[in-house]
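> Per our numbering, residue 2 is the first one in the sequence shown, and the count goes up by one each step.
Ideal Cβ placement from N, Cα and C applies to all residues, glycine included.
Dropping the structure in here first, questions after.
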Amino acid sequence: MIKKLTAGKEILKWATDNGVAVGAFNFSNMETLQAIVEAAVEKRSPIILQVSESAINYMGIGYVTGMVEVAVDTAEIPIALHLDHGKNFDICKLCIDNGFSSVMIDKSSSSFAENVRQTKEVVDYAQKFGVAVEGELGILTGIEDDVRVAGDNSLFTNPVQALDFIEATGISSLAIAIGTSHGLNKGKTACLDIDRLIAIKDKVSNFPLVLHGASSIYPDITDICNQFGAIFRDASGINTSDIKAAISHGINKINIDTDLRLAFMAGLRRSLYQTSESIDIRMHLNSARLFTKDLVVRKLEMFKVS
Ligand code: G3H
Ligand code: 13P
Ligand code: ZN
2 MIKKLTAGKE ILKWATDNGV AVGAFNFSNM ETLQAIVEAA VEKRSPIILQ
52 VSESAINYMG IGYVTGMVEV AVDTAEIPIA LHLDHGKNFD ICKLCIDNGF
102 SSVMIDKSSS SFAENVRQTK EVVDYAQKFG VAVEGELGIL TGIEDDVRVA
152 GDNSLFTNPV QALDFIEATG ISSLAIAIGT SHGLNKGKTA CLDIDRLIAI
202 KDKVSNFPLV LHGASSIYPD ITDICNQFGA IFRDASGINT SDIKAAISHG
252 INKINIDTDL RLAFMAGLRR SLYQTSESID IRMHLNSARL FTKDLVVRKL
302 EMFKVS
């Protein structure tokens with residue numbers, strides 16, 4: 002329905018065939034969308050554009066699909082459009098019916114049986130349209146769905162269950178919990194359970210695995226935010242060396258949202274402070290867009306998908 006959009010499954014296949022991770026970047030407005038696409042075009046890199054339900058509510062689904070249609074029409078690189086953390090069948094169906102090429106159903110905080118049941122319901126609908134479905138098994142550290150599991154790996158993804166889940170649901174990719182968490186504060190000692198990743202990949206063969214909560218929270222970017230009025234003093238993320246290790250051991254899709262938000266804020270705050278006399282919102286938003294584009298270039302270089 003969105004002309005020239007690439008199938009989610011095709012991009013996942015490209016990533017697994019090449020032993021790399023595709024960058025999956027959240028956008029919330031036209032400027033972040035343009036920044037992501039311009040960076041991907043510059044690096045000649047396939048990407049996944051993704052939106053959360055709250056981002057859809059903010060922009061309106063028609064603007065989401067309309068802006069993406071314009072972006073894919075002009076960018077000569079493979080681009081998929083994905084729903085991030087779909088809470089139920091209805092939001093997944095809405096996105097599939099509006100032409101998304103990939104959706105996530107996240108019932109990771111439900112029981113295994115309920116997670117399988119609701120994930121399979123989405124897969125059954127999605128496969129009629131060739132749409133990829135991402136499921137999630139395990140709970141991320143920090144706070145996910147009001148469950149605090151910092152430092153407790155008992156809710157990390159179990160390798161045997163991962164294979165059972167994939168077979169029972171028919172999903173196209175699986176998000177796993179190995180020590181990351183969403184947002185600005187991942188913990189000063191956040192590190193990835195690479196042994197668990199190796200065990201999961203071993204069990205599921207070449208099946209595409211997804212890493213959520215993968216932002217690095219670069220000090221050079223939070224410093225600029227702080228210099229221009231923010232107070233992000235305890236922010237911490239995942240080391241780039243851990244991300245690279247995760248890719249080399251079988252992560253094929255990496256979700257980034259917080260680093261994009263921080264880059265956007267840094268560019269915007271600096272512009273607002275340095276040219277405080279200007280009411281040209283295009284100039285301020287362009288500064289944010291350029292800063293965000295540089296962040297995405299940095300990510301794509303790190304993911305080695307150029
Ligand atoms: O994984 C969660 C994303 O960062 C989405 O957050 O619901 O505020 O758009 P949001
Ligand atoms: P970050 O908050 O680390 O950017 O993670 C984003 C994410 O997982 C979106 O699904
Ligand atoms: Zn996520």
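Quick one: what's got a C-beta closer than 8 Å to Ile280's C-beta in the same chain, skipping five residues either side?
For the purposes of this step, residue 280 is taken as residue 279 along the sequence shown, with counting starting at 1. None.
> Pair every Cβ in the segment 282-300 with every Cβ in the segment 37-50, then say whether three or more of these pairs are closer than 8 Å.
Judged by Cβ distances under 8 Å, the segment 282-300 makes contact with the segment 37-50, as three or more pairs qualify.
> By Cβ distance, which residues of its chain are closer than 6 Å to Thr17, with the 5 residues on each side in sequence left out?
One-based indexing of the sequence shown puts residue 17 at position 16. Same-chain partners within the cutoff: Asn207, Pro209, Asn253.
> Pick out every residue whose C-beta is nearer than 5 Å to a heavy atom of the ligand G3H: which are they, in chain order?
Any heavy atom of the ligand G3H counts here; residues with a Cβ closer than 5 Å to one of them, in chain order, are Ser53, Ser55, Ala56, His183, Asp258.
> Measuring only the C-alpha atoms, how far is Asp194 from Leu141?
On the sequence shown, residue 194 is found 193 positions in, with the first residue counted as 1. On the sequence shown, residue 141 is found 140 positions in, with the first residue counted as 1. Taking the straight line from one Cα to the other gives about 12 Å.
> When the Cα of Gly100 is compared with those of Lys5, Thr170, Ser182, which residue comes out closest?
Taking the sequence shown and counting its residues from 1, one reaches residue 100 at position 99. Nearest C-alpha to Gly100: Lys5.
> Given 8 Å as the limit, is there contact between the segment 214-228 and the segment 239-253, that is, 3 or more CB pairs closer than that?
yes
> Going by alpha carbons, who is nearest to Ser327 out of Cys192, Leu82, Asp85, Ala267?
Outside the shown range of the chain, which is 2 to 307, sits residue 327, and nothing can be said about it.
> Looking only at its chain, what residues have a beta carbon closer than 7 Å to the beta carbon of Met68, apart from the 5 residues adjacent to it on each side?
On the sequence shown, residue 68 is found 67 positions in, with the first residue counted as 1. Excluding positions up to five away in sequence, the list reads Met31, Leu34.
> So, helix, strand or coil for Asn385, using DSSP?
Residue coverage of the chain in this structure runs from 2 to 307, which leaves residue 385 outside it and unanswerable.
> Identify the continuous beta strand (DSSP E) that holds Ala176 and give its terminal residues.
Here residue 176 is taken as the residue at index 175 of the sequence shown, counted from 1. Annotation: the continuous beta strand (DSSP E) that includes Ala176 extends over 174-177.
> Looking at the structure shown, is Ser29 part of a helix, part of a strand, or coil, going by DSSP?
Taking the first residue of the sequence shown as 1, we reach residue 29 at position 28. Ser29: coil per DSSP, three-state reduction.
> Per DSSP, Val124 forms a beta bridge with which residues?
Within the sequence shown, residue 124 is the residue found at index 123, counting from 1. In DSSP, Val124 forms no bridge with anything.
> Within 8 Å, do at least three Cβ pairs link the segment 103-112 to the segment 124-142?
yes
> May I have a chain-ordered list of the alpha helix (DSSP H) segments no shorter than 4 residues that lie completely inside the segment 210-276?
220-228, 241-249, 259-275
> With DSSP as the reference, label Ile280 as helix, strand or coil.
Numbered from its first residue, the sequence shown carries residue 280 at position 279. In the structure shown, Ile280 sits in coil (DSSP, three-state: anything other than H, G, I, E or B).
> Is His213 near the ligand 13P, going by C-beta to nearest heavy atom under 6 Å?
On the sequence shown, position 212 is the one that residue 213 refers to. Checking every heavy atom of the ligand 13P against the Cβ of His213, one is found closer than 6 Å.
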